[in-house]
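Each residue of the sequence shown is one higher than the one before, counting from 81 in my numbering.
Note that CB positions come from ideal geometry on N, CA and C, so glycine has one too.
In this text the structure is predicted, and so the values were computed from the model without any measurement.
First the structure, in the form of structure tokens, and then the observations on it.
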Amino acid sequence: MISGSIVALVTPRFDDGAVDWASLDDLLEMHIREGTAAIVSVGTTGESATLSVPEHLEVIGHTVNRVAGAIPVIAGTGGNATYEAIELTEAAQAIGADACLLVTPYYNKPTQEGLYQHYKQIAEAVSIPQILYNVPGRTGVDMLAETTGRLADIDNIIGIKDATGDLQRGRELLDTCAGRMTVYSGDDETAAELMLMGAKGNISVTANVAPALVARLCALALAGKEVETRELNSKLQALNEAMFLQSNPIPVKWALACQGRIGGHMRLPMTQLAAEYHERVRTALADLKLL
Numbered sequence: 081m082i083s084g085s086i087v088a089l090v091t092p093r094f095d096d097g098a099v100d101w102a103s104l105d106d107l108l109e110m111h112i113r114e115g116t117a118a119i120v121s122v123g124t125t126g127e128s129a130t131l132s133v134p135e136h137l138e139v140i141g142h143t144v145n146r147v148a149g150a151i152p153v154i155a156g157t158g159g160n161a162t163y164e165a166i167e168l169t170e171a172a173q174a175i176g177a178d179a180c181l182l183v184t185p186y187y188n189k190p191t192q193e194g195l196y197q198h199y200k201q202i203a204e205a206v207s208i209p210q211i212l213y214n215v216p217g218r219t220g221v222d223m224l225a226e227t228t229g230r231l232a233d234i235d236n237i238i239g240i241k242d243a244t245g246d247l248q249r250g251r252e253l254l255d256t257c258a259g260r261m262t263v264y265s266g267d268d269e270t271a272a273e274l275m276l277m278g279a280k281g282n283i284s285v286t287a288n289v290a291p292a293l294v295a296r297l298c299a300l301a302l303a304g305k306e307v308e309t310r311e312l313n314s315k316l317q318a319l320n321e322a323m324f325l326q327s328n329p330i331p332v333k334w335a336l337a338c339q340g341r342i343g344g345h346m347r348l349p350m351t352q353l354a355a356e357y358h359e360r361v362r363t364a365l366a367d368l369k370l371l
């Protein structure tokens with residue numbers, strides 16, 4: 081079982097939009113060195129929406145090859161068409177990913193039965209371990225705990241990333257899926273509390289800029305050390321908030337550029353962090369000695 085700090089890794093780019101492979105290699109080496117437990121390649125933070133399918137698979141393949149088994153690689157392979165998600169998931173398995181992360185179908189707003197059938201078909205078509213991903217704030221659809229519980233009976237559906245930020249929902253998922261599916265936080269601000277409740281890790285944006293601190297937070301929470309967990313989480317609060325001042329990954333890529341790790345470029349329609357937020361992000365990094 082994958083547990084701990086799982087970084088939702090950015091995809092570094094040059095100013096023309098091309099992938100910056102050297103910077104990606106440096107990021108991967110940093111995460112291995114600083115205790116990140118697994119990499120999510122080409123999820124939301126990796127700008128899956130603005131990569132072509134060949135680029136999408138090239139980034140996953142490059143990541144798998146560079147990591148070379150040091151830590152697991154979880155490939156983002158979700159789509160709003162079931163056939164497309166199956167094709168991406170098949171390709172990720174062939175490339176050598178350890179698991180796949182599948183966001184709920186976005187924009188077309190399927191019913192709960194549609195969500196169940198979508199994930200069931202993918203799991204039946206591709207044997208790779210699969211983690212569901214519920215992020216209603218971005219997709220326009222909310223997969224309920226009852227639906228997740230039905231999917232927990234499918235052997236190769238091994239977990240869910242809950243990015244609702246709702247701890248009551250997290251508790252419901254933990255109770256509904258106990259012993260059948262692993263629950264991961266997908267919300268940095270509430271991740272510590274969800275892990276103290278029983279979640280097994282945090283699929284994190286903040287880990288991009290503070291890998292060692294987020295790895296430490298996860299280790300403390302998974303060990304049940306409530307006082308130490310909450311103390312460190314309090315120190316991370318301003319940074320967690322700063323990473324979502326505008327749509328992810330705008331702030332985190334700007335923060336990584338401040339650290340000198342990437343150029344910070346994105347493809348339209350994503351734009352650079354608004355100037356009004358620069359000082360707040362810089363201050364959050366500086367306060368944790370991350371600059």
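Three-way DSSP call (helix, strand, coil) for residue i in this model
i              : result
alanine 258    : coil
valine 133     : helix
isoleucine 140 : helix
serine 207     : coil
alanine 335    : helix
serine 121     : strand
arginine 347   : coil
arginine 251   : helix
proline 329    : coil
arginine 310   : helix
CB contact flag (residue i, residue j, <8 Å)
i              : j              : result
valine 285     : valine 332     : yes
serine 85      : threonine 125  : no
glycine 239    : isoleucine 211 : yes
alanine 155    : leucine 181    : yes
leucine 253    : aspartate 267  : no
glutamate 273  : leucine 247    : yes
isoleucine 202 : alanine 165    : yes
isoleucine 175 : valine 144     : yes
arginine 260   : alanine 322    : no
DSSP bridge partner residues for residue i (one or two, in chain order)
i              : result
lysine 241     : Tyr213, Tyr264
glycine 156    : Leu181
asparagine 282 : Ser85, Ser265
isoleucine 202 : None; isoleucine 202 has no bridge partner.
arginine 93    : Val99
Own chain, CB closer than 8 Å to residue i, minus 5 neighbours either side, in chain order
i             : result
glutamine 192 : Met223, Leu224, Glu226, Thr227
alanine 337   : Gly343, Gly344
valine 139    : Thr91, Val99, Leu104, Ser121, Val122, Gly126, Leu131
tyrosine 199  : Leu182, Gln210, Leu212, Leu231, Ile234, Ile237
aspartate 106 : Arg341
glutamine 339 : Val289, Leu365, Leu370, Leu371
leucine 137   : Leu168, Ala171, Ala172, Ile175
Cβ shell of residue i (< 7 Å), same chain only, five flanking positions each side left out
i           : result
alanine 354 : Gln326
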